[in-house]
Structure formats: C-alpha cells, structure tokens
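K.L.:
Handing you a structure now.
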Amino acid sequence: TENARSTDSFNYATYHTFDEINAFIDNLVNENPNLVSKIQIGSSYEGRPLNVLKFSTGPNRPAFWIDTGIHSREWVTQASGIWFAKKIATDYGKDASLTNTLNNIDILLEIVTNPDGYVYTHKSDRMWRKTRSPNSGSLCVGTDPNRNWDAGFGGPGSSSNPCTETYRGRAAHSEPEVKAIVDFVKSHGNIKGFVSIHSYSQMLLFPYGYTTARTPDHNELNTVSRNAVNALASLYGTSYTYGSIIATIYQASGGTIDWTYNQGIKYSYSFELRDTGRYGFALPANQIIPTAEETWLALTKLIEHTRDNLY
Amino acid sequence: MENYSGQQVLRIFPTDEDQVNLVRALEDLEHLQIDFWTSPTKVLLPIDIRVSFRNLQSVKVYLESNNIQYSIMIHDVQSLLDEEQNEMRRNRA
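From first to last, the protein sequence lines are chains H and P.
In terms of this note's numbering, the first sequence opens at residue -1 and continues consecutively.
In terms of this note's numbering, the second sequence opens at residue 3 and continues consecutively.
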C-alpha cells in the first residue's frame, strides 16, 4: 500500500524499506515532471540502482549535491533525505529563497547512497554500516564507503583489516557506490556545493580529515558552518559543533568531502545528525521530522551561500 | 535478523589521554567484538561502544579497573530495535 501512495499521503514520520523509498522517488518524479527527474548514476555491488533525484528548472546549471545513507545503519539520514525531497518539491514556487535557488542552480539528492547495506539493515543486521562487497582472502564482508575515496587513501584513520568497520577497501573507488559518484561528479563538472549526511553526533564538518593542513577556504567554511548551525539551533535548540573533520572529531583518511574538495568543490561539508547520548543509530521515528526540519534550516544556509557565491 | 538481546551501548568519558588510549586499545581486541559507535578521539569527548552480552562483564571490568568512567546509554539494544520494527509494522497497517 505504501508503494501506491502519493507523496502527499506518504508517512514521513516512520522508517521505510529500500523498495518503499524507490516508490516514493518514482511518485515524486511523476507528480512533479517539470521540476524533478530521476537519474540512475550506477548500480551497487548487488545490482541495485543508485538513484539521484535532480531538482532543476533549466539546462546546464551549476549544482548542489546532497547524499544521505552512505553508512547504511544511520537510518535517520535516509529518512531525512526523503523529507528534504518532498520539502524541495513542495516549496518551489512558494518559498522565495528556494525558488530563487532553483531558478539558478540544480539540487541533486541521493537518498540511499549504500542500497545493499540499507537492505541488509532491514533484512539481516540492523547495525550494518559498510557496503556488501566481498573481500578476497577474508570471510568479512564490506568496505566503509567513507574511507574509500582517493583523498589520503590508506592513511591514518582508516583500516586495512576487512573485519573492521573502517576498512578502506582494496583500492580507492573500489566500491561501485563510491565510483558512481566519482564518475558523476567528474562528468557533471559543475557541482559547486556538496553535503554528505551522516549521524549521530551533531556536527557540521568541512575538509580536511586526512591531514592537519587547513584548506585555503578554512575561514569561509568556518563562518558558513557557524551560520548554518545557528540556523539549525533556532528551531529546537539542538546544539551542534562545527569545524574541520580532523580538528573536530578525528583523523579520517579517504573521506568523501576531502575528495570533493580536492576536485574543486569548494563548498564541501559533512553533517552528523542527531542524537547524542540516548539512542545513537536507533533514533526513534518520532524524531525523524524534527531532525529533518532543523537540518533543512542549516542546509538552506549552505545552499544559499553556494548560490550567492558561485565561483 | 541478527539478535541484539542483552547487548548494551556504553558511553565512556575519558578524563585524560591515557584513558583515551586505553579505550582505543579495546579496538585491537577483536575477540571482544566491540562496535565503536563513536570513536576514541579526544579527552572529554564521550566514546560510545556497543558490547555483546557475552563480553559485557569483561569490558565493564576493564573500564572500572582502569578508573574510566562510563554510563549505560542503551540498556538493551534489541528492545529498541523491537520497538522500531513494531512501529514500522503499525505504520504499514
């Protein structure tokens, strides 16, 4: 029944399966043919589609990328991604800032960035984090897709042991889920902002993670991040910290936004959504909408700054 | 589905660099099968670990014998996941 529903009657306050999310995506595209389209940028290791929603009102625009769920067990991120998609489709033409944004740049949204892992969390192991590709010579399955990027790949803060949660994989971009984004970003050539969304320690981070070196844009990214977390806190008072990855949490090599930054995407960020100290990855579904709402306020700041400072 | 009955998530509060390193050392003890929900990073930043029922006592003894403060963040992981599943079923119905 969920698959047959329109996006108006879709329940945004519960967690959904991969098939339900894909049905939601198709419904959103069908309901908004002049605004939303679906791009399949590749397939996962087990052959599932890597779908990206494209919100666009004109050809050849710069773009702002958002992905959720690269770590499959972080369910609030996929659920927030669904909410963002509906919010964008609903607010275009009504909200002045979002309308201005979409009249100038596209928004690209990958809701289930690690579909094999996500399906596995529903069917076999709720706490699964990695991809589901096998590792030759090991019984342990999967690679951490947030250690698989060609940015300090293989350095500290990632593991060479396939049985660990931060296993980096056999080579940079060895995971099809990662390679698909790499190929898409390169072929697009005009992505100006990039946000990768995780959970659950309430942080807004920017490069670098693999080195202590500051990016040339450190001060600007820091200021934008401060504005974003202030906007986020304005709704429910949720407190976020912000800063570069290595200074704020830990050294992490091979991370997503270090690669995107080094590709020339100046406005590269990573979110860690709610919550600290109570539920971790098992955030109750009644917190999905508040989480998405407050995150959207911060995302809006990041998108607006990118829109107004195209380079 | 994997069953998480009896598993707990511990929130650890290291007060100095030595304690951070002691918690970090748990990562290398593969037989304990600890799932680091948040990693050991800096002093005063909490570390969350999911521990199987079988290894719970060993880990708690390790922390207590090293005077490392912790609290139980989730008393039974499976009960939270059961509630999550029940809610999904209710919503589908």
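Just so it is clear, CB atoms sit at the ideal spot from N, CA and C, and this is done for glycine as well.
Runs of 4 residues minimum, wholly inside the segment 237 to 263 of chain H: which ones carry the alpha helix (DSSP H) assignment?
P.N.:
243 to 246 and 254 to 260
K.L.:
Can you name the residues that DSSP bridges to residue 36 (chain H)?
P.N.:
H:51
K.L.:
Please list the terminal residues of the continuous beta strand (DSSP E) segment that includes residue 51 (chain P).
P.N.:
Its beta strand (DSSP E) spans residues 49 to 53.
K.L.:
Which residues in chain P have a C-beta closer than 8 angstroms to the C-beta of residue 148 (chain H)? List them in chain order.
P.N.:
Against chain P, the beta carbon of residue 148 (chain H) has no neighbour under 8 angstroms; the closest one sits roughly 22 angstroms away.
K.L.:
Excluding the five sequence neighbours on either side, which residues of its own chain have a C-beta within less than 7 angstroms of the C-beta of residue 295 (chain H), listed in chain order?
P.N.:
229, 230, 232 and 233
K.L.:
State the start and end residues of the unbroken beta strand (DSSP E) segment that holds residue 191 (chain H).
P.N.:
Membership of residue 191 (chain H) in the beta strand (DSSP E) is indicated by the continuous run 189 to 197.
K.L.:
Would DSSP call residue 42 (chain H) helix, strand or coil?
P.N.:
coil
K.L.:
Shorter than 7 angstroms from the beta carbon of residue 93 (chain P) to some beta carbon of chain H?
P.N.:
yes
K.L.:
Hey, residue 146 (chain H) and residue 253 (chain H): beta-carbon distance below 7 angstroms or not?
P.N.:
In this structure, residue 253 (chain H) does not lie closer than 7 angstroms to residue 146 (chain H) by Cβ.
K.L.:
Does the separation of the CB atoms of residue 274 (chain H) and residue 199 (chain H) fall below 7 angstroms?
P.N.:
yes
K.L.:
Does the Cβ-Cβ distance between residue 203 (chain H) and residue 226 (chain H) come in under 7 angstroms?
P.N.:
With respect to residue 226 (chain H), residue 203 (chain H) sits apart: the two C-beta atoms are not nearer than 7 angstroms.
K.L.:
So residue 170 (chain H) and residue 39 (chain H) are supposed to be a Cβ contact under 8 angstroms. How far apart are they, rounded?
P.N.:
The Cβ separation is near 18 angstroms, so there is no contact.
K.L.:
List, in chain order, every chain H residue whose beta-carbon is nearer than 8 angstroms to that of residue 37 (chain P).
P.N.:
125 and 163
K.L.:
When you compare only the Cα positions, how much space is there between residue 217 (chain H) and residue 39 (chain P)?
P.N.:
Their backbone Cα atoms lie some 30 angstroms apart in a straight line.
K.L.:
Residues of the segment 192 to 224 of chain H with a CB closer than 9 angstroms to any CB of chain P: list them in chain order, please.
P.N.:
198 and 199
K.L.:
Give me the Cα-Cα distance between residue 309 (chain H) and residue 298 (chain H), rounded to the nearest whole angstrom.
P.N.:
19 angstroms
K.L.:
Counting only the same chain and skipping the five closest in sequence on each side, list residues whose C-beta sits under 6 angstroms from that of residue 215 (chain H).
P.N.:
264
K.L.:
Whose CA, out of H:259, H:26, H:302 and H:22, lies closest to the CA of residue 87 (chain H)?
P.N.:
H:26
K.L.:
Comparing the C-beta of residue 83 (chain P) with each C-beta of chain H, is any distance below 7 angstroms?
P.N.:
yes
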